[in-house]
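Residue numbers (this note's numbering), protein chains in the order written: chain A, 179 to 562; chain E, 179 to 562; chain B, 179 to 562; chain Z, 179 to 562.
We treat Cβ as the ideally placed atom computed from N, Cα and C, and that holds for glycine.
To start, the structure itself, in structure tokens.
4 protein chains.
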Amino acid sequence: MSRKIRMGMVGGGVGAFIGGVHRIAANLDGQIDLVCGAFSSSPEKSKESGKLLFLPEDRVYGNFEEMILREKELPEGDRMDFVSIVTPNHVHFPPAKMALENGFHVMCDKPVTFSLEEAQELAKVVEKTGLIFGLSHNYTGYPMVKQARQMIKEGKIGKVRKVVVEYPQGWLSERIEESGQKQAGWRTDPSKSGKAGSMGDIGTHAENLMEYMTGIQITELCADLTIFVDGRALDDDGNVLLKLENDAKGVLYASQISVGDENNLRIRIYGEKGGLEWYQPEPNTLLVKWPDRPIEIYRAGQPYIGDKGQAHSRLPAGHPEGFLEAFANLYRNFSMAVRARIENTDYDAETYDFPGIHDGIRGMQFIDAVVESSASSQKWTKFN
Amino acid sequence: MSRKIRMGMVGGGVGAFIGGVHRIAANLDGQIDLVCGAFSSSPEKSKESGKLLFLPEDRVYGNFEEMILREKELPEGDRMDFVSIVTPNHVHFPPAKMALENGFHVMCDKPVTFSLEEAQELAKVVEKTGLIFGLSHNYTGYPMVKQARQMIKEGKIGKVRKVVVEYPQGWLSERIEESGQKQAGWRTDPSKSGKAGSMGDIGTHAENLMEYMTGIQITELCADLTIFVDGRALDDDGNVLLKLENDAKGVLYASQISVGDENNLRIRIYGEKGGLEWYQPEPNTLLVKWPDRPIEIYRAGQPYIGDKGQAHSRLPAGHPEGFLEAFANLYRNFSMAVRARIENTDYDAETYDFPGIHDGIRGMQFIDAVVESSASSQKWTKFN
Amino acid sequence: MSRKIRMGMVGGGVGAFIGGVHRIAANLDGQIDLVCGAFSSSPEKSKESGKLLFLPEDRVYGNFEEMILREKELPEGDRMDFVSIVTPNHVHFPPAKMALENGFHVMCDKPVTFSLEEAQELAKVVEKTGLIFGLSHNYTGYPMVKQARQMIKEGKIGKVRKVVVEYPQGWLSERIEESGQKQAGWRTDPSKSGKAGSMGDIGTHAENLMEYMTGIQITELCADLTIFVDGRALDDDGNVLLKLENDAKGVLYASQISVGDENNLRIRIYGEKGGLEWYQPEPNTLLVKWPDRPIEIYRAGQPYIGDKGQAHSRLPAGHPEGFLEAFANLYRNFSMAVRARIENTDYDAETYDFPGIHDGIRGMQFIDAVVESSASSQKWTKFN
Amino acid sequence: MSRKIRMGMVGGGVGAFIGGVHRIAANLDGQIDLVCGAFSSSPEKSKESGKLLFLPEDRVYGNFEEMILREKELPEGDRMDFVSIVTPNHVHFPPAKMALENGFHVMCDKPVTFSLEEAQELAKVVEKTGLIFGLSHNYTGYPMVKQARQMIKEGKIGKVRKVVVEYPQGWLSERIEESGQKQAGWRTDPSKSGKAGSMGDIGTHAENLMEYMTGIQITELCADLTIFVDGRALDDDGNVLLKLENDAKGVLYASQISVGDENNLRIRIYGEKGGLEWYQPEPNTLLVKWPDRPIEIYRAGQPYIGDKGQAHSRLPAGHPEGFLEAFANLYRNFSMAVRARIENTDYDAETYDFPGIHDGIRGMQFIDAVVESSASSQKWTKFN
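Right, dumping it as structure tokens:
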């Protein structure tokens, strides 16, 4: 008989932002049970978190190594099926590698690792173990992103000519990391975040979203990264010109000093026959533009939405779904892959897709390329 | 030790719309476990639904009577804590009454009952048993609705003068109930829906939202209900003039023949010193209007949002939350009340409020009043 | 040889609001010359205004009687062709009547007169003289209003079922007429404004716009007018339920105490097959709604706009036109009618239409009906 | 005694787009009279245009040389005061130079000349003659652009860090110049348009707007221009990274292949303390962003708008003004400068400013710089 998929979590102690998001996303569709966790590098904090999550004490571990080894020894009917990794960037690789090598599937927060080298090594582990690896490039989980991707794939807007993707935020316009803001702390610390700041944290989302929606990849780029806030070690803003496959061009920018902006991720795609525009703060709307007739307002959940978009809406139009639902779509789809593996069944992997190790590597390559380009006096830097 | 609150469900078999919503809402925050259900009047469908929800067979019942009686006999550590009722309107009263009388708390879909008489009788049962009763007037769960209510309570916009609340939908602009659309079927059938159509289904939401946000009540109304689609027995559109407490005035309308509109619930409140505007399709925004300075765009999750709004956001600004999160706020708050009862503790019931039997009675009175008024040649009909 | 049409103005001395609007509207398309005026009841102010408008001293008059009589004696090649009347409501009728009776066409600010009786008498003068009479219900001059009217006429949205038209303003939410604000002064004074306040000033615009766009008329109404600001003698807010021809229903409201709102005139029209929505603050957009496909954003100046809308745009899409251009459309069309009369030619009067005495009478009837209805305990008051 | 300022026009024969715009702009405020013109290189077309504009035959000339020489000989009380030049780019310099050298002020369409060399020579003529030279960078005429400039000047948003300015259009996404579209024809022809296409036509507007609003200048840029439509000789799209004074950074792009976009000029400016956002299709709104309080919606014509913005609104808030009014602001201000010269009076030249020869030279330098940069493999090209 079918059962819920069992999740263990690394990181995400009470008070952490992204850990809570992952838990809600996993809960939402009733397909996944949180059964254990190593929620903090402090065993006490881990215990406390476990209690608040109603976990039995013996399934709350002091660190991820302990969790992986002890869970492995549990009977098949009890032990976790996969590990969800929600730690800062520099603590993605070790638990991911260890989990995979001990037979557990992995869902990992993005960017996939601290460095490109780690990502490449992890890719080998994924390949070798044949296990399922998911990555939380959550913006690709929105129904209207699915719809846009499908429309482009089906040629609705013709060959893509130009893409403009931007991700302005304002929350780091002052040096809040100095006043103990935890999220800001590790993100602006190169020893935890990696070699890029804004570009790693949100530039990679923009890059991933663009390649996912258009189906074409960046081939060369020209970046100008800036540190606006004195005393900071990593870029808090970056502007990038893009060359893409099929002679398309683009602009990408990410910023954390755009005062007053929230997560204003916006993408505009122009093809030979039409255009598309999507804006994350109003995610249930997709503008569809034509050369000779009115702009159309596509809305999530409407009957005219294609099967890919429909498969990622839970509700009919008019009931706005948001960030958590999109995030939950990743977990739902990931759980379908895990379930298919467990139950040895098949499922529609193309419709119920989710980002994986390949997206992770693209992201790390993107970080490397923009950092290299920004330091260069040459206009174009290869990216592949 | 603390544990999850245990929910049993009446109705909501697979494929039903609102049942799925209630389940997601209950799941979302990890506070509630679905432990049993009587999901359909067909025992087979109920079984099938239970399987898909990963319930053990012996906790899936053929009808609500069986569920209530059998659960009551289970040990305290196993049996459900409350019943969630998600059946059509005419099947709210019987399970609600029986559940209460057998010691179970109740969360009920709205409108609370089929008729005002039932609602009044149910209120007596609630009072007598002293159990907790929640009602899914879900729009009051949005963080910006909480923020608006708090601002009005604190006098930010002064004495309320005028309210305009509207709920236009377009989905019933053709007679789709004839083609087997299940949602349309029972909603347009007076034997299941009650004496009003659009006014019962969505007019009551508008009424409830307005009274909740403003803190003042309708005292008289003048209604004009219409059946636009031939062959229909209940209103599919209604316009209402309002008198409210403190000499305020208002307009309320609900419509199911407003072609192309989704759930375009909008409320505008004007006071002596300022105004507020909220629009459900973009629920994370609250416009705040002043006589002598720029309109302000309040956004959910921003640090300047008051404690009531903050308590109902899970994420910082820029991560849009939607319908399900608002719905989940009701379940979360309801679960806090249940937990406090179980654990014999206290909690902040004002902040973590949820609609209850009083809201249900107001809704039924509203239905009675608009139907009476619409048939009358007198301008004003009392409402209280 | 063709020449510009010559305009004389009554009222609109420097500093007056609506006089300046009429002058710009008349100037804009280069079809009309201001040649004379009686700009103020104070001859000195009139002179001063004439100087600032670069008029020769002998064409600036001390009062309208003088202007009409003296202009009449000028040679045909010099004298004005028409009079533009931009005084407060109680000074519309006398100059309009006198101008017509002396052979001058008239363009008059709305509402057409102080009372329905005056309007009816004026209609007789218009009919008797056969001269051209224009009325500044300026909102009908917008290109997207023309487009909407044409679409409805052509049956694009089917039989109209429901109309919601609203005109909320906030500028009179405090008693600014007490502090010498001139515009507020006469509008809140029954001896100058007439028997209605908000309903006369802006309610009539809403009524006119609705009947113009839909092509159907109000047959009965139920009004609730309110004076919110203490000490005021006329309504500053009013809500109205409507019955219209062909069994359509509607809601109309106008308000001057809707704090923070500007001229937020909005109309939504729902037919059996589609819906339309237009909002004055963004006048170049018309939303077109369908039951089964995406909402379309029609934009002024786009090639797909019909001939009626095209005839009232001066610029291609993307160059926003506004209030003054819509107002100028009335003057342009009025000047075409005058020119055709002068040059004894023909022109496309259906395309280049403008409001006239009939609209004026409807407006005065509307004022009478809402005032009567508001005082009545009966629900419905006839309107025709 | 004061009189209207007299304008002669070069180009702008009936059917031309921008000529009509200039005429309406000149008419709108009643300060300027069109008294003569050389409307076309075809004398017959010029005559025909003159007739439709109600000009006497002897003030309609066959070419600009004739106009300038003949007007010069007219008595001072009759002859034109200034020349408005509305021809394609390659015919700006000759009439501008000749007009100035014959004592006439000049208002010229942008870009100022065909080449930077011409612009520099023209600047010398302007300086030598001391006459007034205006340039139609019309977007700077919008009231909310004035407001933004004033707020930045007064330090409201602190030191500017980042600017994003974009001007996407879609009208050239197909090769419509081949089918006789006149506007497309000369704009895509290097012998008439100059060395840039999209960058000359609209990129210069973006550059001008940015420098005007922020008060800081571009110092280096990195451009990537593209010809997307086969067979075209000039860029129809271009993306540019910017370095600005005071270590600010920026992104500028202009596009004519952004299918479905109209004139979607948008600028976002982020400073250390706040941000501003303005969008031309909704020009009466300025978003003002803060790090710690709600975004404010500034609206043209509201009492809280500063004196610079107020001076460029004709109407109170709620009466949308648009493209023509902004354009008319340039003519109104230009006419004030001419009038002050004629009447030997003073006026507030800072408030009533308008673009001039300096803006023209910046524009031509910008064109040169982006074309040079686009061809270069070096990242940064100096601009000054």
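> In the DSSP assignment, what residue or residues form a beta bridge with F260(Z)?
Replying inline: Indexing the fourth sequence from 1 puts residue 260(Z) at position 82. According to DSSP, F260(Z) bridges with M185(Z) and H283(Z).
> Is DSSP giving T523(A) helix, strand or coil here?
Replying inline: Start at 1 with the first residue of the first sequence, and residue 523(A) comes out as number 345. Coil, per DSSP.
>> Less than 9 Å between CB atoms is the rule here; does L508(Z) satisfy it with respect to chain B?
In response: Taking the first residue of the fourth sequence as 1, we reach residue 508(Z) at position 330. Closer than 9 Å: no.
>> Taking 9 Å as the threshold (C-beta atoms), are L412(E) and L502(A) in contact?
In response: Counting from 1 along the first sequence, the entry for residue 502(A) is found at position 324. Counting from 1 along the second sequence, the entry for residue 412(E) is found at position 234. Their beta carbons are not under 9 Å apart, which means L502(A) does not touch L412(E) by this criterion.
> Closest by CA to P346(E), which one among E423(E), N241(E), D439(E) and A277(E)?
Replying inline: Here residue 346(E) refers to the residue found at position 168 of the second sequence. Cα-wise, what sits closest to P346(E) is D439(E).
> Does the stretch 464-481 of chain E touch the stretch 547-560 of chain A, meaning 3 or more C-beta pairs lie closer than 8 Å?
Replying inline: No, they do not touch.
> Do we get a CB-CB distance below 9 Å when we pair E356(E) with the residues of chain A?
Replying inline: Taking the first residue of the second sequence as position 1, residue 356(E) is located at position 178. Not one chain A Cβ lies under 9 Å of E356(E).
> With L419(Z) and L399(Z) assumed to form a contact (beta carbons below 8 Å), what rounded beta-carbon distance in angstroms separates them?
Replying inline: Within the fourth sequence, the letter at position 241 stands for residue 419(Z). Within the fourth sequence, the letter at position 221 stands for residue 399(Z). So it is a contact: roughly 7 Å between Cβ atoms.
>> For a contact defined as C-beta to C-beta under 8 Å, what are the partners of I202(E) on chain A?
In response: Within the second sequence, residue 202(E) is the residue found at index 24, counting from 1. Neighbours of I202(E) on chain A, chain order: L206, D207, G208 and R492.
> Helix, strand or coil: how does DSSP classify T291(Z) here?
Replying inline: By one-based count along the fourth sequence, residue 291(Z) stands at place 113. Coil.
> So what does DSSP say about Q556(Z), is it helix, strand or coil?
Replying inline: If you number the fourth sequence from 1, residue 556(Z) lands on position 378. If DSSP states are grouped into helix, strand and coil, Q556(Z) belongs with the strands.
> Of the residues that make up the stretch 397-421 of chain E, which ones have a beta carbon closer than 7 Å to any beta carbon in chain B?
Replying inline: Cβ contacts with chain B come from C400, D402, T404, F406, D415, N417 and L419.
> According to DSSP, what are the bridge partners of L419(B)?
Replying inline: By one-based count along the third sequence, residue 419(B) stands at place 241. Answer by DSSP bridge pairing, in chain order: C400(B) and V429(B).
>> Tell me which residues of the stretch 449-464 of chain E have at least one Cβ-Cβ distance to chain B shorter than 8 Å, keeping chain order.
In response: G449, E450, K451, G452 and G453
> Enumerated in chain order, which unbroken segments of the beta strand (DSSP E) with a length of 3 residues or greater are wholly contained in the stretch 266-352 of chain Z?
Replying inline: Uninterrupted beta strand (DSSP E) stretches at least 3 residues long and entirely within the stretch 266-352 of chain Z occur at 283-286, 311-313 and 338-346, given in chain order.
> Given a limit of 8 Å on CB to CB distance, which residues of the stretch 469-482 of chain B reach chain A?
Replying inline: D470, R471, P472, I473, E474, I475, Y476, R477, Q480, P481 and Y482
>> Does R365(A) pass the burial test, meaning 16 or more other C-beta atoms within 10 Å, or should it be called exposed?
In response: Walking along the first sequence from the start, residue 365(A) turns up at place 187. Its Cβ being crowded by 16 or more others within 10 Å, R365(A) is buried.
> How many Å lie between S293(A) and P273(A) at the Cα?
Replying inline: Translated into positions along the first sequence, residue 293(A) becomes position 115. Translated into positions along the first sequence, residue 273(A) becomes position 95. Rounded to whole angstroms, S293(A) to P273(A) spans 15 Å at the Cα level.
> Can you tell which of R444(Z), F242(Z) and K451(Z) has its C-alpha closest to the C-alpha of E463(Z)?
Replying inline: Residue mapping note: residue 463(Z) aligns to position 285 of the fourth sequence, counting from 1. Looking at the sequence provided, one finds Thr at residue 463(Z) rather than Glu. When only C-alpha atoms are compared, the closest one is R444(Z).
>> Can you look up E389(E) in the DSSP assignment and give me helix, strand or coil?
In response: Working through the second sequence from its first residue, we reach residue 389(E) at position 211. If DSSP states are grouped into helix, strand and coil, E389(E) belongs with the helices.
> For the stretch 480-556 of chain A, which segments carrying the alpha helix (DSSP H) assignment without a break, of at least 4 residues, lie completely within its bounds, in sequence order?
Replying inline: 485-488, 501-521 and 535-553
> Tell me the DSSP bridge mates of Y476(A)?
Replying inline: Within the first sequence, numbered from 1, the residue matching residue 476(A) stands at position 298. For Y476(A), which the question treats as bridged, DSSP gives the partners L464(A).
> Where do the ends of the beta strand (DSSP E) carrying R446(B) lie?
Replying inline: Against the third sequence, residue 446(B) aligns to sequence position 268. R446(B) -> beta strand (DSSP E) spans R444 to G449.
> If the cut is a Cβ gap below 9 Å, which residues of chain E does R181(A) touch?
Replying inline: On the first sequence, residue 181(A) is found 3 positions in, with the first residue counted as 1. In chain order: F232.
>> Quick check on DSSP: helix, strand or coil for V213(A)?
In response: In the first sequence, the residue the question calls residue 213(A) occupies position 35. In the structure shown, V213(A) sits in a strand (DSSP, three-state: E or B).
> To the nearest angstrom, how far is it from the Cα of E474(B) to the Cα of S224(A)?
Replying inline: Translated into the one-based positions of the third sequence, residue 474(B) becomes position 296. Translated into the one-based positions of the first sequence, residue 224(A) becomes position 46. So the two alpha carbons sit approximately 53 Å from each other.
> Going by C-alpha distance, which of V269(B), Y431(B), M377(B) and G358(B) is nearest S369(B)?
Replying inline: Residue 369(B) sits at position 191 when you count from the first residue of the third sequence. Here the closest residue by C-alpha is V269(B).
>> The alpha helix (DSSP H) that contains L230(Z), what's its start and end?
In response: Translated into the one-based positions of the fourth sequence, residue 230(Z) becomes position 52. Where L230(Z) is concerned, the enclosing alpha helix (DSSP H) stretches over P221 to L230.
>> Using only the alpha-carbon positions, how far apart do F311(Z) and V437(E) sit?
In response: Locating residue 311(Z) in the fourth sequence gives position 133, where the first residue counts as 1. Locating residue 437(E) in the second sequence gives position 259, where the first residue counts as 1. Going by the C-alpha atoms only, they are around 55 Å apart.
> Does the beta-carbon of K360(A) have 16 or more other beta-carbons within 10 angstroms, so that it is buried, or is it exposed?
Replying inline: Mapped onto the first sequence, residue 360(A) falls at position 182. Label assigned to K360(A): exposed.
> Counting contacts by CB-CB distance shorter than 9 Å, is Q298(Z) in contact with chain A?
Replying inline: If you number the fourth sequence from 1, residue 298(Z) lands on position 120. Not closer than 9 Å to any Cβ of chain A, the Cβ of Q298(Z) fails to qualify, so no.
> Helix, strand or coil: which one does DSSP assign to L454(Z)?
Replying inline: Here residue 454(Z) is taken as the residue at index 276 of the fourth sequence, counted from 1. Look at L454(Z) here: in three-state DSSP terms it is strand.
> Would I335(B) count as contacting chain D if we go by Cβ distances under 9 Å?
Replying inline: Note that chain D does not occur in the displayed structure, where the protein chains are A, E, B and Z.
> What does V238(Z) pair with, by DSSP beta-bridge criteria?
Replying inline: Residue 238(Z) sits at position 60 when you count from the first residue of the fourth sequence. Answer is G215(Z), bridged to V238(Z).
> What's the gap between the Cα of D485(E) and the Cα of G479(E)?
Replying inline: Along the second sequence, one-based indexing puts residue 485(E) at 307. Along the second sequence, one-based indexing puts residue 479(E) at 301. Rounded to the nearest whole angstrom, the CA to CA distance from D485(E) to G479(E) is 10 Å.
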